[in-house]
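Position 148 of the sequence shown, counting from 1, maps to 148 under full-length UniProt numbering, and the rest follow consecutively.
In what follows, a single structure is set out as structure tokens and then discussed.
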Amino acid sequence: MKAVITGGSRGLGLGVAQAFAKRNIPVTLVSRSQSNLDAAIASLPGLGHATVAADLSKGDVSIDWTGVTYLVNCAGIAPASLMVSMADKDIERTIATNLTSPLKLSKQAIKPLMANGKRENISPAIVNVSSKLAIPDHCVQSGSTVYSATKGALAVFSQSLAHELNGKVRVNCVLPGLMDTDMGRSAGIDAPMVPVQDVSERIVELAVGDENGVCELIDVEAEN
């Protein structure tokens with residue numbers, strides 16, 4: 001039983017890693033910076049953790065799926081730019097990181113997760129991190145058009161894949177509101193922030209539990 005977490009060196013990804021580690025589940029963290037990955041691993045309790053240094057926007061990533069039963073697609077970028085002035089390369093990088101990468105990693109993971117889950121008598125799962133900005137009537141934040149589009153597509157992908165796999169690998173999705181992370185704070189929005197721990201714990205619950213096809217908003221208003 002192991003978990004692979006993209007974007008795992010900081011922010012929500014690191015919070016998810018900590019939540020898994022507290023349950024004595026080893027994690028493999030995927031991120032661009034090896035130094036950030038090393039610092040993240042050093043902060044985790046338990047043994048058996050690993051890292052993969054890779055830029056998810058630049059193509060396929062080689063991951064050792066031995067023993068892995070959970071995949072959390074947490075990596076994401078949000079260049080703040082109006083659509084009319086956004087560089088094509090930034091559009092492509094956002095789509096590659098936020099959408100293409102989760103799709104490819106999910107495809108890569110399905111068969112190993114099924115085999116490992118059967119071997120360990122565990123129900124394997126993929127959890128994707130979308131965003132509140134993926135929801136119609138909430139995707140009205142200037143400068144986030146491409147980000148919102150990728151996160152909306154990821155939510156639809158999650159529910160479609162859950163139906164397609166029919167429980168062989170459970171697929172769930174969370175749609176967090178503005179979170180108390182570096183990315184969230186850099187948005188410069190004066191609004192209550194969702195604690196990272198709340199989102200992290202829910203992601204792990206969706207991974208290790210028995211829920212399937214969930215697409216759940218996690219926001220300050222939703223919690224009150």
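All residues carry an ideal CB built from backbone N, CA and C; glycine is no exception.
Given the structure is predicted, the values throughout are model-derived calculations rather than measurements.
Nonlocal neighbours in the same chain, by C-beta distance under 7 Å from K132, ignoring five residues either side: If we look at K132 and ignore the five residues flanking it on each side, its Cβ neighbours are H138, L175, P176, G177, L217 and D219.
Buried or exposed by the 16-neighbour rule on C-beta atoms within 10 Å, applied to T97: Around the beta carbon of T97, 16 or more other beta carbons sit within 10 angstroms, so the residue counts as buried.
message: Taking the alpha helix (DSSP H) that E164 belongs to, which residues open and close that run?
response: Counting along the chain, the alpha helix (DSSP H) containing E164 begins and ends at T145 to L165.
query: The alpha helix (DSSP H) spanning N116 covers which residue range?
result: That run of the alpha helix (DSSP H) goes S101 to E120.
- prompt: Which parts of the segment 5-75 are runs of the alpha helix (DSSP H), unbroken and 4 residues or longer, counting only runs that do not cross its ends?
  reply: Taking 4 residues as the minimum length, the alpha helix (DSSP H) runs contained wholly in the segment 5-75 are 11-22 and 34-42, in order along the chain.
field: Separation of V68 from P112, as counted between CA atoms
entry: Their backbone Cα atoms lie some 7 Å apart in a straight line.
- request: Compare the Cα-Cα distances from N172 to each of A149, S33 and G213 and report the closest residue.
  value: The residue with the shortest Cα to Cα distance from N172 is G213.
query: CA-CA distance, A75 and I122?
result: Distance between the alpha carbons of A75 and I122 is about 25 Å.
query: How is E92 classed by DSSP in three states: helix, strand or coil?
result: E92 carries a helical assignment under DSSP once its states are collapsed to helix, strand and coil.
message: According to DSSP, simplified to helix, strand and coil, what is N224?
response: Low per-residue confidence applies at N224: pLDDT is 43, beneath 50, and the placement is therefore not dependable, though the value from the model is reported in the following sentence. Under the three-state reduction of DSSP, N224 is assigned to coil, being neither helix nor strand.
message: Here's the rule I'm using: 16 or more other beta-carbon atoms within 10 Å means buried, otherwise exposed. How should G8 be labelled?
response: Buried is the label assigned to G8, since at least 16 other Cβ atoms lie within 10 Å of its Cβ.
message: Just verifying my parser: in three-state terms, what is the DSSP assignment at I203?
response: If DSSP states are grouped into helix, strand and coil, I203 belongs with the helices.
- request: Determine which residues share a DSSP beta bridge with L217 and list them.
  value: Bridge partners of L217: L175.
task: Might you give, ordered along the chain, the residues of its own chain that have their beta carbon closer than 8 Å to the beta carbon of D65, omitting 5 neighbours on each side?
output: In the sequence as presented, Asp is not what sits at residue 65; that position holds Trp. Cβ within range, chain order: V4, Q108, A109, P112, L113 and N116.
- prompt: What's the C-alpha gap between M179 and S144?
  reply: Counting only the Cα atoms, S144 lies some 15 Å from M179.
- prompt: If you draw a straight line from the C-alpha of G46 to the C-alpha of M83, how long is it?
  reply: Spanning the two alpha carbons is a distance of roughly 44 Å.
task: Note down the Cα distance separating N166 from A125, rounded to an integer number of angstroms.
output: The alpha-carbon atoms of N166 and A125 are separated by roughly 12 Å.
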